[in-house]
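Here's the structure we're looking at; comments come further down.
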Amino acid sequence: MNTVNLFTEGEPIQDTRAPEGPVEQRWDKRRFGGKLVNPANRRKLSVIVVGTGLAGGSAAATLGELGYHVKSFCYQDSPRRAHSIAAQGGINAAKNYRNDGDSIQRLFYDTVKGGDYRSRESNVYRLAQVSVEIIDQCVAQGVPFAREYGGLLDTRSFGGVQVSRTFYARGQTGQQLLLGAYQALERQVAAGTVEMFTRHEMLELIIVDGAARGIVARDMVTGEIETHTADAVVLASGGYGNVFFLSTNAKGCNVTATWRAHRKGALFANPCYTQIHPTCIPQSGDHQSKLTLMSESLRNDGRVWVPVAKGDKRDPREIPEDERDYYLERIYPSFGNLVPRDIASRAAKNVCDEGRGVGPGGLGVYLDFADAIQRLGRKAVADKYGNLFEMYERITGEDPFEVPMRIYPAVHYTMGGLWVDYDLQSTIPGLFVIGEANFSDHGANRLGASALMQGLADGYFVLPNTISDYLAKGPFPKVGDDHEAVVEARESVTGRIERLLSIDGDRTPDSFHRELGALMWEYCGMERTDEGLRKAIDRIRELREEFWTRVKVPGENEELNQALEKAGRIADFFELAELMCIDALHRTESCGGHFRAESQTPDGEALRDDEHFAYVAAWEYTGDAPVLHKENLEYENVKMVQRSYK
Numbered sequence: 288m289n290t291v292n293l294f295t296e297g298e299p300i301q302d303t304r305a306p307e308g309p310v311e312q313r314w315d316k317r318r319f320g321g322k323l324v325n326p327a328n329r330r331k332l333s334v335i336v337v338g339t340g341l342a343g344g345s346a347a348a349t350l351g352e353l354g355y356h357v358k359s360f361c362y363q364d365s366p367r368r369a370h371s372i373a374a375q376g377g378i379n380a381a382k383n384y385r386n387d388g389d390s391i392q393r394l395f396y397d398t399v400k401g402g403d404y405r406s407r408e409s410n411v412y413r414l415a416q417v418s419v420e421i422i423d424q425c426v427a428q429g430v431p432f433a434r435e436y437g438g439l440l441d442t443r444s445f446g447g448v449q450v451s452r453t454f455y456a457r458g459q460t461g462q463q464l465l466l467g468a469y470q471a472l473e474r475q476v477a478a479g480t481v482e483m484f485t486r487h488e489m490l491e492l493i494i495v496d497g498a499a500r501g502i503v504a505r506d507m508v509t510g511e512i513e514t515h516t517a518d519a520v521v522l523a524s525g526g527y528g529n530v531f532f533l534s535t536n537a538k539g540c541n542v543t544a545t546w547r548a549h550r551k552g553a554l555f556a557n558p559c560y561t562q563i564h565p566t567c568i569p570q571s572g573d574h575q576s577k578l579t580l581m582s583e584s585l586r587n588d589g590r591v592w593v594p595v596a597k598g599d600k601r602d603p604r605e606i607p608e609d610e611r612d613y614y615l616e617r618i619y620p621s622f623g624n625l626v627p628r629d630i631a632s633r634a635a636k637n638v639c640d641e642g643r644g645v646g647p648g649g650l651g652v653y654l655d656f657a658d659a660i661q662r663l664g665r666k667a668v669a670d671k672y673g674n675l676f677e678m679y680e681r682i683t684g685e686d687p688f689e690v691p692m693r694i695y696p697a698v699h700y701t702m703g704g705l706w707v708d709y710d711l712q713s714t715i716p717g718l719f720v721i722g723e724a725n726f727s728d729h730g731a732n733r734l735g736a737s738a739l740m741q742g743l744a745d746g747y748f749v750l751p752n753t754i755s756d757y758l759a760k761g762p763f764p765k766v767g768d769d770h771e772a773v774v775e776a777r778e779s780v781t782g783r784i785e786r787l788l789s790i791d792g793d794r795t796p797d798s799f800h801r802e803l804g805a806l807m808w809e810y811c812g813m814e815r816t817d818e819g820l821r822k823a824i825d826r827i828r829e830l831r832e833e834f835w836t837r838v839k840v841p842g843e844n845e846e847l848n849q850a851l852e853k854a855g856r857i858a859d860f861f862e863l864a865e866l867m868c869i870d871a872l873h874r875t876e877s878c879g880g881h882f883r884a885e886s887q888t889p890d891g892e893a894l895r896d897d898e899h900f901a902y903v904a905a906w907e908y909t910g911d912a913p914v915l916h917k918e919n920l921e922y923e924n925v926k927m928v929q930r931s932y933k
């Protein structure tokens with residue numbers, strides 16, 4: 288199998304929406320240059336928003352507040368159960384309350400560097416600008432951020448930066464931010480501008496005359512297949528980390544909404560860019576169906592170490608200081624325990640590969656709070672991290688006040704997603720993609736506490752300003768349920784469901800998912816090689832064929848049927864997994880979370896190849912070999928250099 292046979296290369300792609308001129312002025316120029324819709328006309332226009340996390344919830348609330356008619360969809364039983372609620376550590380913003388040298392320019396620089404110079408300057412600078420407004424918005428909504436003694440909002444440090452810019456609400460930041468967006472959303476539901484559809488899963492995108500005009504959704508309680516049309520569609524359906532089966536994502540997180548759009552013509556960008564979070568509770572056995580994240584904020588006060596000697600099985604409290612290797616502090620003295628996630632994860636893997644890992648199977652490292660407890664006192668540490676310590680103790684049965692936490696890297700976030708331009712519009716007109724579902728802001732690695740920042744930036748501030756330029760082209764022709772494109776989309780969904788129900792094989796959907804996940808973790812996880820990726824592609828294809836002949840989906844469509852839901856999502860994961868491996872195979876450099884063993888510096892760091900790979904890889908679906916479209920990345924404000932946190 289050679290790489291050429293796996294894909295073909297098409298025409299390059301370009302973001303034509305970002306204005307020319309200094310990067311500091313582009314967002315203001317775009318807002319002023321875009322068309323507006325007057326308040327009376329907004330009431331005649333409709334938008335579908337899929338997903339109610341931070342991006343989708345804030346977008347639906349803001350669009351409703353502006354006067355558009357919005358239909359909001361989520362597969363959970365309540366919008367507030369979206370997975371954003373699980374975020375723990377905080378949200379970045381360049382407020383510089385600490386007076387420690389932070390600025391919009393520094394947040395911009397840190398984010399571009401943290402992403403290993405594989406993100407767009409214009410998008411990242413806008414994100415840094417908007418970050419300042421997000422905090423004000425959330426405080427006004429009543430989000431209970433932590434405050435310091437003088438009354439100012441408190442901040443703490445996260446990986447990859449040397450300033451303190453992460454705002455937080457103990458270990459529940461995502462929950463508090465989502466409840467703020469949820470309140471804003473419910474206000475619009477009560478006002479009649481937003482219509483809420485819970486327990487509905489999007490299964491197809493409706494395209495009329497080349498533009499996105501609606502979705503096909505399944506009522507997950509009754510099984511009814513419904514069609515919903517609108518003037519524009521917004522996807523805010525999150526990332527695809529569950530392709531690995533074991534991840535920190537909720538079990539329901541999936542790729543189906545964005546993959547259906549991809550199959551209809553939306554390019555999928557950088558699918559191989561996966562973030563491995565270094566601070567997760569290690570897997571305890573084959574019975575597990577997901578992993579639990581421990582917030583990166585713990586690395587503010589916790590020190591990461593392993594024994595110096597291989598195979599040292601002593602109780603960590605019995606290992607003296609001179610027999611401990613605080614390896615992050617040793618290798619990266621400038622940043623220490625607060626290096627970016629991709630670097631901390633690889634370092635943990637390396638010491639475990641050397642035989643110095645701790646816990647069952649040697650797949651763990653210590654995160655030790657003894658120094659912090661001695662310096663600050665137990666009460667101060669409990670005030671900062673109490674609920675996280677409690678969560679760890681409930682899961683492991685170990686008290687982190689007494690013994691060090693054990694942590695190990697796990698799949699957490701995906702930087703890849705549907706390709707969007709500066710307006711957050713995909714290659715399908717009228718289809719906008721926000722939050723983790725798009726690829727736009729993080730390059731090859733996301734800095735901690737930037738996911739919440741991007742979700743709320745897109746939903747509250749960016750999308751409402753850019754979608755108006757598209758909606759100003761209205762009024763749009765009405766699309767009825769009898770339109771041939773609507774009928775065709777509906778029939779494709781029912782046909783797919785009937786096919787899944789008719790196979791009546793001998794393997795559960797979960798058994799396929801678990802096998803696919805193990806394959807992806809082994810060959811497309813923390814380290815990738817040419818040989819391993821080729822092996823993975825062959826096996827994924829075999830497994831996918833087996834899935835369509837052996838999967839067993841009991842029950843019927845016209846009922847609550849979780850096996851059917853899983854089977855549909857896993858079918859899409861198979862197709863995505865192959866594209867991820869093809870993308871990882873073609874990119875023969877290392878950058879951020881994408882580490883090719885063949886491309887590393889003499890001391891084991893990721894080695895980029897800017898001459899050949901300084902581009903976004905945007906893939907077109909063909910049903911056969913995908914087509915690669917390259918968007919060249921040009922850096923005018925930040926110089927591309929070998930990343931160093933030493």
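Be aware that the sequence shown starts at 288, since it is given in the working numbering, and climbs by one per residue. Beta carbons are placed, not taken as given, at the ideal position from N, Cα and C, and that holds for glycine.
E583 and D496 have their C-alpha atoms spaced approximately 46 Å apart. One Cα belongs to Q363, the other to V542, and the distance between them is close to 15 Å. If you look at Q463, you'll find it in the alpha helix (DSSP H) that goes 460-478. Here P751 has A346, T349, L350, L353 as same chain residues with Cβ atoms under 8 Å from its own Cβ, once five neighbours each way along the sequence are excluded.
Of the residues E311, R318, V334, T303, the one whose Cα lies closest to the Cα of G761 is V334. For the options G812, L866, G792, L863, the alpha carbon positioned closest to that of P841 is the one of G792. By the beta-carbon neighbour count (other beta carbons within 10 angstroms, threshold 16), R586 is buried. For C361, no beta strand (DSSP E) segment is defined, and its DSSP state is neither H nor E.
Partner residues in a beta bridge of E785, as assigned by DSSP, do not exist. Within the region 338-389, complete beta strand (DSSP E) segments of at least 3 residues are found at 356-360, given in chain order.
Residue pairing of K917 in beta bridges, as defined by DSSP: A904.
Where H549 is concerned, the enclosing alpha helix (DSSP H) starts and stops at 543-550. Residue pairing by DSSP places D655 opposite R590 in a beta bridge. A distance below 6 Å between beta-carbons, with the five flanking residues on each side excluded, links I784 to the following residues of its chain, in chain order: N844.
Taken in chain order, the whole alpha helix (DSSP H) runs of length 4 or more contained in the region 683-764 are 738-743, 750-758. When rounded, the separation of the alpha-carbon atoms in R628 and M740 is 17 Å. Q929: not part of any alpha helix (DSSP H); DSSP gives it neither H nor E.
Between A477 and I715, the C-beta gap is not smaller than 9 Å, which leaves the two residues out of contact.
Excluding its 5 nearest sequence neighbours in each direction, A659 has C-beta neighbours in its own chain below 6 Å: D588, V668, listed in chain order.
Here D506 carries a strand assignment [DSSP, helix/strand/coil]. Less than 9 Å separates the beta-carbon of F860 from that of Y527.
Between the beta-carbon of Q416 and that of I391 there is about 6 Å, and that keeps the pair under the 8 Å contact cut. Look at the beta carbons and you see the region 294-306 touching the region 899-918: at least three pairs across the two are nearer than 8 Å. The region 762-773 makes no contact with the region 650-666; the number of CB pairs closer than 8 Å stays below 3.
In the structure shown, A456 adopts coil according to DSSP, grouped into three states. Rounded to the nearest angstrom, the gap between the Cα atoms of R786 and P326 is 46 Å.
For E491, the enclosing beta strand (DSSP E) stretches over residues 487-495.
With a beta-carbon spacing of about 15 Å, K322 and P306 fall beyond the 8 Å limit used to define contacts. For E435, there is no enclosing alpha helix (DSSP H), since its DSSP letter is neither H nor E.
CA-to-CA, the gap between Q562 and G722 works out to about 15 Å. From the listed residues D612, Y412, G649, A373, the smallest Cα separation to T460 is found for A373. The region 678-693 and the region 645-656 touch, with no fewer than 3 CB-CB distances between them shorter than 8 Å. When the beta-carbon positions are compared, T683 and L711 stay at least 9 Å from each other. Short of 7 Å from the beta carbon of V595, and not among the five residues preceding or following it, lie these beta carbons of its own chain, in chain order: E610, R611, D612.
Taking one beta carbon from each stretch, the region 830-838 and the region 883-895 have fewer than 3 pairs nearer than 8 Å; the two do not touch. For the region 605-655, the continuous beta strand (DSSP E) assignments of 3+ residues that do not extend past its boundaries occur at 652-655, in sequence order.
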